[in-house]
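K.L.:
Pasting a structure here, questions to come.
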Amino acid sequence: MTTLFGTADLAIGMNESVSRVRLFDGPLDISWHHCATTSDFIADLFALRFQSSRNDYKEVRHSVGYLVNELMENAVKFRAPGEIMVEASMDAESFKVKISNVVDSETAAEFQSLLSEITVGDPAELLIQRLEANAADPEATGSGLGLLTLMSDYGARLAWIFSPADETDVVSLEIYASLPISQIYH
61 MTTLFGTADL AIGMNESVSR VRLFDGPLDI SWHHCATTSD FIADLFALRF
111 QSSRNDYKEV RHSVGYLVNE LMENAVKFRA PGEIMVEASM DAESFKVKIS
161 NVVDSETAAE FQSLLSEITV GDPAELLIQR LEANAADPEA TGSGLGLLTL
211 MSDYGARLAW IFSPADETDV VSLEIYASLP ISQIYH
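Heads up, the sequence shown is in the numbering used here, so the first residue is 61 and it goes up one at a time.
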């Protein structure tokens, strides 16, 4: 069964002009280093069109880099063995990214439970509630703070699609995000 969380229209598709980066699982394993390197590359690539204004370039590069890095870190942190595919595009209004990987069914269930909590209500209010809860319980993990920060502070719209994979006990996960570019540099 396929399950969607978040903004449904994001999951419809990316535009035709998509750049793809595929991280293969292998002897070096996919790690945090790959997240930072890949997100910096993608941020540089998509911020280039704003290079005529140093401030716009820096703002777009920072926002795109933060978004991609946050989503990639989650993909690396919670993935089952396998590759991670990053697809990105930009138009005049927004930067869009789709990150695909697989997770085991237990991780998928836990993540879906978290998403059912953080995708309802005002992201800014939920962020404050989660920050307070984490301050009260320093041992808490998986709070969704990064995702809530993206939604609250960066205006990112997010969607997650969980669907059956070819292998048993593995779930395909596609994460879609849209970041409003026109708000960043205007």
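We put the CB at the ideal spot given by N, CA and C, even for glycine.
1. Does E147 come out as helix, strand or coil in the three-state DSSP assignment?
2. Tell me where the alpha helix (DSSP H) around D164 begins and ends.
3. Between Q111 and V120, what straight-line distance do the alpha-carbon atoms span, to the nearest angstrom?
4. Output needed for F101: all residues of its chain with C-beta closer than 8 Å, excluding positions within five of it in sequence on either side, in chain order.
5. Report yes if the C-beta distance between L108 and H94 is below 8 Å; otherwise report no.
6. I need the boundaries of the alpha helix (DSSP H) containing S123, first residue and last residue.
7. From L233 to N194, what does the alpha carbon distance come to, in whole angstroms?
8. Over the uninterrupted beta strand (DSSP E) stretch that includes T209, give me the two end residues.
9. Classify K118: buried if its beta carbon has 16 or more other beta carbons within 10 angstroms, exposed otherwise.
10. Got a sec? Which residues, its chain only, sit under 7 Å from G66 by beta carbon, not counting five neighbours each side?
11. Return helix, strand or coil for A168, following the three-state DSSP convention.
12. How many angstroms separate the CA atom of T62 from the CA atom of A140?
13. Just grab the DSSP bridge partners of E199 for me.
14. Per DSSP, which residues does I221 bridge with? Please list them.
15. Please name the residue, chosen from L205, S176, G181, that lies closest to R190 on a Cα-to-Cα basis.
16. Please state whether the Cβ-Cβ distance between E19 and V157 is less than 8 Å.
17. With a 10 Å radius around its C-beta and 16 neighbouring C-beta atoms as the bar for buried, classify N134 as buried or exposed.
P.N.:
Working from what's here:
1. Collapsing the DSSP output to three states places E147 in a strand.
2. No alpha helix (DSSP H) holds D164; the beta strand (DSSP E) holding it covers 154 to 164.
3. Those two C-alpha atoms are separated by around 10 Å.
4. Sequence-distant Cβ neighbours of F101 in its own chain, meaning closer than 8 Å and more than five residues away, are V81.
5. Not closer than 8 Å, so no.
6. Here the alpha helix (DSSP H) through S123 covers 114 to 138.
7. L233 and N194 have their C-alpha atoms spaced approximately 26 Å apart.
8. In the DSSP annotation of this structure, T209 is not part of any beta strand (DSSP E); the continuous alpha helix (DSSP H) holding it starts and ends at 205 to 213.
9. Burial call: exposed.
10. Closer than 7 Å at Cβ, skipping near neighbours: T179, L218, A219, W220.
11. It is helical.
12. T62 and A140: Cα-Cα distance of roughly 18 Å.
13. DSSP lists no partner for E199.
14. BP columns for I221 point to L64, E234.
15. Of L205, S176, G181, the residue nearest in Cα terms is L205.
16. Outside the displayed range of the chain (61 to 246) lies residue 19, so it cannot be described from this structure.
17. Under this definition N134 is a buried residue.
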